[in-house]
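Trainee: Protein chains in written order, with the numbering used here: chain A, 13 to 411; chain B, 4 to 329; chain C, 37 to 357; chain D, 417 to 666. Note that the Cβ used here is the ideal one computed from N, Cα and C, for glycine as well. This structure is a prediction, so every number in the text was calculated from the model and none was measured. First the structure, which I've put down as structure tokens, then a few questions once you've had a look.
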Amino acid sequence: MNKLSKILSSSILAVALSGVGIGAAQADSVKIGFVTTLTTPAAVIGEDMKDAVNLAIEHIGGKMGNLDVDLIMEDDGFKPDIGKQKTDKLVKQDDVDFVAGYIWSHVLLASMKSVLDSGKFLVSANAGPSKIAGKLCHQNFFSTSWQNDQTPMAMGEHLSKQGVKSLYVMAPNYAAGKDMVAGVEKTFTGEIVGKDFTKWGADAQLDFSAELAKAKSSGAEGIFVFYPGKAGGAFIKQYQQSGLQDVLPLYTVFTVDAIALPKLQGGNLAGVMGSKNTQFWSPDLDVAANKKFVGDFLAKHDRYPSFYAAQAYDSIMLINSAVEATGGNLEDKDAVRAAMKAANYDSIRGKYTYGNNHMPIQNFYLREVVEDDAGRWTTKIVDTVYTNHQDPYAADCAL
Amino acid sequence: MLPASNSGRVYAVLLILLGMAPFITSWIDQPFYLDLLSRALILAIAASSLNLILGYGGMVSLGHAAYLGIGAYCVGIPAYYDIYNGWIHLGLTIVVSASFAFLTGLIILRTKAVYFIMITLAFSQMVYFTFVSLEEYGGDDGLVIYLRSEFPSWLSMEGATALYYWIFGALVLTLLVIYRLVYSRFGRVIVGSKFNEERMQSLGFNTYRYRLTCYVISGVLCGIAGMLLGNFTSFISPEMMGWTRSGELIFMVVMGGASSFFGPLIGTSAFVFLEQYLPEIMKTINPSWHEYWHLPFGVLLVCLVLFGKGGIHGWLSRFDKDGDVK
Amino acid sequence: MQGAFFNFSRKTIPVDWNLLITQLMNGLQLGLLLFLLASGLTLIFGIMDFINLSHGSFYMIGAYFCGTVVSVTGSLIAGIVVALICTFAIGAIVELVIARRLYRSDHLDHVLVTFGLILIFDTLVHMIWGAAGMAIPLPEILNGQLHIGTLVLPTYRLVIICSGLLVAAILFVLVTRTRLGMLIRAGASNRTMVEALGVNINKLFLIVFAIGATMSGFAGMLIAPITEASIGMGNEIIIIAFVVVIVGGIGSVKGAFFAALIIGLMDTIGRSYLDDLLKLSLSAEVAETAAPALSAMLVYILMAAVLAFRPQGLFPPAGSK
Amino acid sequence: MTDSILKVTALNKSFGGIHATRDLHLEVTRGDIHAIIGPNGAGKTTLISQLSGQLKPSSGSIEFERKDITRLTTAKRARSGLARSFQITSVVMPLTLLENVMLAVQGTSGHSFRFWKPVKQDQQMVSAAMNSLTEVGLQDRADKIAAEVSHGEQRQLEVAMALAMKPRLLLLDEPMAGMGVEESQHMVDILKKLKEKCTILLIEHDMDAVFKLADQLSVLVDGHIIASNTVENIRANQEVQRAYLGEQHA
């Protein structure tokens with residue numbers, strides 16, 4: 013073997029061996045992998061979640077029971093196959109005990125098999141596609157969020173109660189967008205006079221001029237939209253610039269959140285004030301754990317946490333409750349599972365239970381956009397639409 | 004030709020090491036490395052197929068990821084209807100990618116240079132949006148593939164090691180095919196047309212037909228890589244065939260060294276390695292830099308073109324006395 | 037004002053003229069934004085034969101600079117002026133440090149380097165401004181609507197249209213009436229000729245590149261008050277801008293103008309009417325799903341058709357082969 | 417009647433408003449070296465390109481061995497025995513001389529949809545290519561990269577490639593362009609030998625070479641052939657003297 017090949021093969025070996033060092037497990041710690049999006053524009057969500065996870069770990073003093081918390085953050089880059097690769101790394105190389113996170117349905121769908129096949133626990137801190145709530149449900153999968161349909165169903169319910177007769181509907185053209193529209197259609201008793209699915213993905217459509225013009229001419233009594241992330245801010249702006257707030261009241265889900273509101277306030281887009289949306293949670297929800305979470309988050313980052321952050325915070329707390337309940341014996345999977353299923357911890361949404369499919373059975377509230385005492389725009393609960401609501405797919409789950 | 008030079012010997016050693024990879028990774032108890040390698044080798048097949056038209060044929064395609072997607076959907080869609088027969092998957096992959104390459108190639112091969120780049124982009128975007136609009140097959144969210152393609156037991160894909168050897172075998176075959184192809188009569192026409200198409204025509208070659216055939220072969224090879232990718236990730240979504248993915252494939256080819264047999268393999272390995280470990284490296288420098296790994300990546304890309312002619316293969320070859328790159 | 041009817045296979049669609057006019061204005065606005073991006077791109081492409089994927093980064097940088105200055109000074113005008121100067125400077129730096137070395141290498145190198153530049157610019161913006169994106173507040177007067185008869189149009193959209201037309205006019209004068217413009221035109225159709233004229237080619241390239249960057253940045257500033265400035269905002273539109281360049285004919289400012297308008301209108305009209313059209317022959321559900329994807333595909337279909345039947349583009353620069 | 421290998425009738429070609437070829441008639445006799453001379457811009461290369469198929473004529477017809485080839489592609493014409501060399505050296509620069517010539521052999525010996533066997537193992541093709549290289553005296557340079565040999569050698573390679581196609585009619589576009597005196601003389605010797613193998617239609621500026629080689633001369637002015645005859649007769653032709661030779665040899 014000549015010199016060059018020696019150099020090359022020894023460097024390959026060196027790389028391989030260095031990996032052994034990274035992968036060596038520490039016996040007295042609980043390892044948690046957290047997969048979220050830290051690059052691309054969606055990083056704004058990922059960073060909110062990261063801040064909440066760090067706050068949660070701070071709140072529990074860096075320990076779960078008597079075990080140290082070893083947190084490994086991974087960036088899925090908004091791509092399903094990268095998400096899967098990072099998940100594989102967490103499962104196989106880092107040998108984590110829990111994998112949590114996942115903003116996007118497609119990343120979760122791509123990654124879930126890796127986690128569940130290895131017998132580890134998967135906690136979704138956001139994505140809740142109907143497949144996982146139904147046919148694909150798994151005993152080791154838990155959600156600290158909601159199933160996609162529930163929130164818009166609550167909105168549809170509210171609108172019907174209010175006597176709104178016609179609605180224009182807009183959402184991005186991907187699975188969650190369609191779930192949201194399907195959800196509102198399930199419970200809204202009036203007529204849906206128009207529907208637009210706009211282009212989504214890496215080059216999502218952000219200029220809604222054509223759709224807003226259609227909505228306006230449709231003569232609907234209200235407009236229902238679902239635009240997560242940066243598209244939400246863009247939508248609200250154009251909604252106001254087209255002067256629709258006077259003729260077409262705005263009803264949203266997952267659009268007007270703590271990520272969009274500061275920017276809307278920065279742009280002085282008062283058209284959003286007073287608009288209604290539904291959610292399982294709100295920063296002002298009167299629950300002790302929530303007060304602590306929101307208060308400390310505000311103090312630390314000078315902004316309200318978003319619902320993504322709240323769910324991420326809860327995912328850590330749920331894991332914490334299971335580790336404590338089992339006395340740190342993570343080998344006893346059945347005990348861990350039972351402890352998680354009990355959801356016996358102080359959730360930021362208050363006490364909730366798990367259905368057979370391990371999706372939360374929880375309340376849904378109607379919220380209004382208001383200004384808080386410090387002059388910050390936020391949301392306030394004005395009504396409870398559903399109490400202990402279970403998602404419609406639970407029946408499809410064989411568990 | 005292969006082991007005749009120092010770099011050739013390095014590659015021979017590399018191939019042997021790759022062949023033993025499952026044993027090595029299980030010996031050092033790092034099964035994740037096998038996953039990483041599997042992904043790298045699948046992408047290496049795709050990049051090698053791109054290299055056939057780009058490196059040897061001078062056809063810069065910014066739409067090659069479409070074939071990765073087509074191959075993967077040829078596993079995903081039958082699986083959706085509970086058809087898991089591997090031969091059907093493979094047959095469908097070959098037929099669909101060949102037909103797509105042929106039909107689009109009829110138009111694509113009439114264009115040159117930057118127009119070629121743009122028209123390949125156009126067709127791949129059409130495929131991308133087609134799959135986005137196919138609600139039945141998951142649309143944007145994609146399809147989960149519950150079971151791998153089923154082959155007779157001696158050819159089974161079940162288990163990480165078996166799948167790895169499938170991929171490894173496919174890669175070796177692909178490299179062999181390309182190697183033989185490039186030096187065959189057919190390959191000479193392709194190489195000649197890259198540098199001087201007019202002259203090739205005046206020598207009596209209907210270059211359009213030969214280039215079209217080459218484009219179809221490349222599409223089929225990449226389709227097979229896609230079929231393996233579908234089996235490996237157990238998941239397929241349109242995102243995997245966006246134009247940035249095609250850009251990444253070009254990057255892998257060039258990083259490794261275009262128009263060298265092992266360039267794409269080296270390039271993809273380096274790419275997958277960087278993608279996995281650059282964030283970790285950034286994190287060790289400063290914990291909050293985790294998300295900034297695109298920065299050194301971009302700088303590397305710029306430097307590679309400005310200063311690193313011939314890619315990694317190029318600089319390995321500089322150790323050779325005569326240098327076999329061409 | 038629901039008057040006329042179009043006949044489509046025995047079914048009829050009522051035409052809402054207010055809606056149609058609004059949509060045409062929307063298409064015009066999108067087209068003009070595309071033109072601001074594509075005109076620089078087509079000149080850089082035509083004269084330097086340089087494929088600049090990172091042209092969209094200037095779009096993003098322009099928006100961020102403008103947003104920053106506006107948030108400090110509160111003045112949109114100040115923001116635009118400062119941001120124009122900054123994007124011009126950054127464009128010049130990129131030309132001097134990187135692009136200049138690559139004019140003689142092949143297109144593959146251009147694609148790779150500028151892809152790398154996109155990653156660098158995106159990450160730098162992420163490091164400096166964070167991932168959250170940036171809103172640019174508009175003065176109250178621009179946030180309102182304009183009423184023309186029964187027609188109601190957002191004021192700011194009209195501002196975009198007017199600024200776009202103004203820049204197009206300035207560029208037109210620059211290209212057709214000045215010495216610089218003469219050199220640019222000559223360069224786009226015959227590069228060697230300009231070199232033979234003994235013009236300081238380096239300086240010409242530098243100016244064209246920087247002006248292109250500035251126009252791209254200006255487009256970013258115009259759109260940001262609507263969509264916000266965000267990381268990667270330029271990458272979304274740059275591919276469409278490339279389509280405009282190809283469809284219009286590489287190196288042709290006039291081609292870029294008409295192609296941008298065609299594509300802007302096509303996209304907007306596709307988004308507004310395609311689902312209704314498809315519903316005539318398909319079920320409502322299928323139509324709703326297929327329409328957005330199909331309207332997104334339309335521009336690529338147009339480009340493929342142009343490349344197949346008229347590869348030099350619809351309006352190639354005069355005198356070029 | 418003599419055996420005519422190429423017959424061009426009423427050929428016209430215009431680019432936009434410019435007529436590069438006007439009502440051009442030409443007949444080449446089998447076995448001849450037929451030279452076409454004419455001032456710069458007379459349309460010589462345009463004519464060659466139409467004969468070999470790179471350019472499509474606006475009107476008129478081209479017959480090769482009594483078959484109409486006006487509509488055939490370049491590749492088909494090449495395979496039927498009509499080869500050309502280029503005025504601006506046009507070889508595949510990164511390949512070796514042998515590889516270049518082998519391409520030429522390959523182009524006219526059956527199809528190339530053969531994907532597996534390396535060409536270099538095809539002894540028949542290698543020896544055929546070596547023969548052509550030997551004929552132009554490049555046999556010792558066979559393994560050099562085309563880009564790395566001298567200009568004169570590249571011009572010889574051009575001829576070797578055309579020769580390897582075993583053409584019955586060879587179109588040579590200024591084979592001596594840019595050559596020194598010695599190199600030119602060498603090329604003249606090569607072409608003289610070639611004459612035994614095939615008919616040659618030669619475009620050349622080097623008048624000494626033309627007079628040494630050609631049997632027939634045609635004079636092309638403004639895209640039109642004003643005279644076509646034996647060398648002696650053309651030399652004596654007053655009109656040609658005035659139009660062309662007069663200027664140069666005054």
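Ala292 (chain C) and Ala74 (chain C): beta carbons closer than 8 Å?
Mentor: yes
Trainee: Mind checking the stretch 495-527 of chain D against chain B and listing, in chain order, the residues whose C-beta falls within less than 8 Å of any C-beta there?
Mentor: Arg495, Ala499, Arg500, Phe502, Ser506, Val507, Val508, Met509, Pro510, Leu511, Glu515, Met518, Leu519, Ala520, Gln522, Gly523, Thr524
Trainee: For Phe245 (chain C) versus Ala135 (chain C), is the C-beta spacing smaller than 8 Å?
Mentor: Yes, the Cβ-Cβ distance between Phe245 (chain C) and Ala135 (chain C) is below 8 Å.
Trainee: Relative to chain B, which residues along the stretch 167-193 of chain A have a C-beta separation below 9 Å, given in chain order?
Mentor: Pro184, Asn185, Tyr186, Ala187, Ala188, Gly189, Lys190
Trainee: Just verifying my parser: in three-state terms, what is the DSSP assignment at Gln402 (chain A)?
Mentor: Looking at Gln402 (chain A) - three-state DSSP - the assignment turns out to be coil, as it is neither helix nor strand.
Trainee: Distance cutoff 8 Å, beta carbons only. Does Leu50 (chain A) sit that close to anything in chain B?
Mentor: yes
Trainee: From what residue to what residue does the beta strand (DSSP E) around Phe209 (chain A) run?
Mentor: 203-210
Trainee: Hey, does Ile113 (chain C) have any beta-carbon neighbour from chain A nearer than 8 Å?
Mentor: no
Trainee: Going straight from the alpha carbon of Gly92 (chain C) to that of Val130 (chain C), what length do you get?
Mentor: In a straight line, the C-alpha of Gly92 (chain C) is about 13 Å away from that of Val130 (chain C).
Trainee: State buried or exposed for Tyr149 (chain B), treating a residue as buried only when at least 16 other CB atoms are found within 10 Å of its CB.
Mentor: Tyr149 (chain B) should be labelled exposed.
Trainee: To the nearest angstrom, how far is the alpha carbon of Ser356 (chain C) from that of Leu166 (chain B)?
Mentor: Confidence at Ser356 (chain C) is low in this model, with a pLDDT of 47, below 50, so the placement of that residue is unreliable and no value is reported for it.
Trainee: Spatial neighbours of Ile619 (chain D) within its chain, please: C-beta separation below 6 Å, excluding the five flanking residues on both sides.
Mentor: Ile452, Lys460, Asp589, Glu590
Trainee: Flag this pair as touching only if the stretch 269-278 of chain A and the stretch 385-404 of chain A have three or more C-beta atom pairs under 8 Å; answer yes or no.
Mentor: yes
Trainee: Please state whether DSSP places His367 (chain C) in a helix, a strand or coil.
Mentor: Here chain C has residues from 37 to 357 only, and residue 367 (chain C) is not among them.
Trainee: Would His316 (chain B) count as contacting chain D if we go by Cβ distances under 8 Å?
Mentor: Closer than 8 Å: no.
Trainee: Give the list of continuous alpha helix (DSSP H) stretches no shorter than 4 residues that lie fully inside the stretch 104-140 of chain B.
Mentor: 116-136
Trainee: Reducing DSSP to helix, strand and coil, say where Pro184 (chain A) ends up.
Mentor: strand
Trainee: Helix, strand or coil for Leu588 (chain D) per DSSP?
Mentor: Strand, per DSSP.
Trainee: Can you give me the Cβ contacts of Gly35 (chain A) inside the same chain, cut-off strictly under 6 Å, excluding the 5 residues immediately before and after it?
Mentor: Residue placement at Gly35 (chain A) cannot be trusted, given a pLDDT of 40 that sits under 50; what the coordinates show is reported in the next sentence. Here the set comprises Gln105.
Trainee: Per DSSP, what kind of secondary structure is Gln162 (chain A) in: helix, strand or coil?
Mentor: helix
Trainee: Buried or exposed for Tyr84 (chain B), please, with buried defined as at least 16 other CB atoms from any protein chain shown within 10 angstroms of its CB.
Mentor: exposed
Trainee: Using a Cβ cut-off of 8 Å (strictly closer), state whether Met129 (chain B) contacts chain A.
Mentor: no
Trainee: At which residue ranges does the stretch 284-336 of chain A contain complete alpha helix (DSSP H) runs of 4 or more residues, listed in the order of the chain?
Mentor: 300-313
Trainee: Which residue from C:Ser111, C:Asp158, C:Asp303 puts its Cα closest to that of Leu50 (chain A)?
Mentor: C:Asp158
Trainee: So what does Leu83 (chain A) bridge to, in DSSP terms?
Mentor: A:Ile44
Trainee: Could you check where the beta strand (DSSP E) with Ile619 (chain D) kicks off and where it finishes?
Mentor: 615-619
Trainee: Any Cβ of chain G within less than 8 Å of the Cβ of Phe189 (chain B)?
Mentor: Protein chains A, B, C and D are contained in the structure displayed, whereas chain G is not.
Trainee: Return no unless some Cβ of chain D is closer than 8 Å to the Cβ of Gly207 (chain B).
Mentor: yes
Trainee: Would you please state the rounded distance, in angstroms, between the beta carbons of Ile172 (chain C) and Ala255 (chain C)? I believe it to be under 8 Å.
Mentor: Not a contact, Cβ separation roughly 14 Å.
Trainee: What first and last residue would you give for the beta strand (DSSP E) that runs through Gln374 (chain A)?
Mentor: Start and end: 372-383.
Trainee: Evaluate Met124 (chain A) with the Cβ neighbour count: other Cβ atoms within 10 Å of its Cβ, from every protein chain shown; 16 or more gives buried, anything less gives exposed.
Mentor: buried
Trainee: For Phe266 (chain A), which residues in chain C fall below 8 Å Cβ to Cβ?
Mentor: By Cβ distance, chain C contributes nothing, its closest Cβ being about 17 Å from Phe266 (chain A), past 8 Å.
Trainee: If you measure beta-carbon to beta-carbon, which residues of the stretch 605-618 of chain D are closer than 8 Å to chain B?
Mentor: none
Trainee: By a C-beta neighbour count over all protein chains shown, 10 Å radius and 16 as the cutoff for buried, is Leu29 (chain A) buried or exposed?
Mentor: Below a pLDDT of 50, predicted positions are generally treated as unreliable, and Leu29 (chain A), at 44, falls in that range; no measurement from the model is reported.
Trainee: Could you tell me whether any Cβ in chain C is nearer than 8 Å to the Cβ of Glu59 (chain A)?
Mentor: yes
Trainee: Which same chain residues, not among the five before or five after Ile315 (chain B), have their C-beta less than 8 Å away from its C-beta?
Mentor: Met258, Gly259, Gly260, Gly266, Ile269, Gly270, Ala273
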